[in-house]
Amino acid sequence: MVSFLIFLGVFLFMECVTWLTHKYVMHGFMWYFHADHHQPKYENTFERNDIFFVIFATPSIILFYFGVEGGFNYLFFIACGITLYGACYFLIHDVLIHQRFKWFKNTKNKYLIGLRKAHKIHHKHLEKEKGECFGMLFVPFKYYKM
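Heads up, the working numbering is the position in the sequence shown plus 1349, with the first residue counted as 1.
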C-alpha cells in the first residue's frame, strides 16, 4: 500500500514539477531549446524541445537502477510515478494535442478537449513572455466550458 501511495504521490507531484519547469526553465534560461516548439510549423520530425524528454527520463532511469538494486525499494516506485507521468505527457501533449502521431484525432471527451483548448491558449504566445497554462494534465476549468 505504501508503494502505491509513493507511486501515486509522485505521479501527481510531477504535474507541479512540469508546471514549474515549463514556466521557469523552458520559458526561461532554456528557451533556446523550447522556442521551436512554439513555432506554427515544424521543419523536422524532431524539435530541439525534445531534449526535455531526455532530461526528464534521466532521473527516472537512475531511480529505476537504484530501486531495483535495492530490492525494489521506494526509489523504484518513485521512478514508476515519473515514468507513468512521462507516458501520459507524451500521449496528451505529442499525440492528442500536437498530433505528431495521428492516433486520437476525433475525441469527443470533454476533459481531453479542455486540455487541447488550454494548450492552444498557451501556444498563442510565440515568445517566451506572457505565457499561460503551463501545466499539462490539470488545467483551469474554464477551458472545459468553452
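The beta-carbon is built from N, C-alpha and C at its ideal position, and this holds for glycine as well.
These numbers come from a predicted model, not from an experiment.
Buried or exposed by the 16-neighbour rule on C-beta atoms within 10 Å, applied to residue i
i: cysteine 1429; result: buried
i: histidine 1412; result: In the sequence on display, residue 1412 carries leucine and not histidine. So leucine 1412 ends up on the buried side.
i: threonine 1432; result: buried
i: serine 1409; result: buried
i: methionine 1350; result: exposed
i: valine 1403; result: exposed
Cα-Cα separation, residue i to residue j
i: tyrosine 1373; j: valine 1417; result: 33 angstroms
i: lysine 1477; j: asparagine 1393; result: 21 angstroms
i: glutamate 1481; j: glycine 1420; result: 42 angstroms
CB of residue i within 8 angstroms of CB of residue j, strictly
i: tryptophan 1380; j: glycine 1484; result: no
i: leucine 1445; j: leucine 1424; result: no
i: glycine 1435; j: alanine 1406; result: yes
i: glutamine 1448; j: lysine 1457; result: no
i: phenylalanine 1401; j: methionine 1363; result: no
Cβ shell of residue i (< 7 angstroms), same chain only, five flanking positions each side left out
i: glycine 1463; result: Val1488, Tyr1492 and Tyr1493
i: lysine 1459; result: Tyr1493
Any non-hydrogen atom of the ligand FMN within 7 angstroms of residue i CB
i: isoleucine 1446; result: Although the ligand FMN was asked about, the structure shown includes no ligands whatsoever.
Residues of its chain near residue i, where Cβ-Cβ distance is below 6 angstroms and the 5 sequence neighbours each way are ignored
i: arginine 1397; result: Phe1382 and Asp1385
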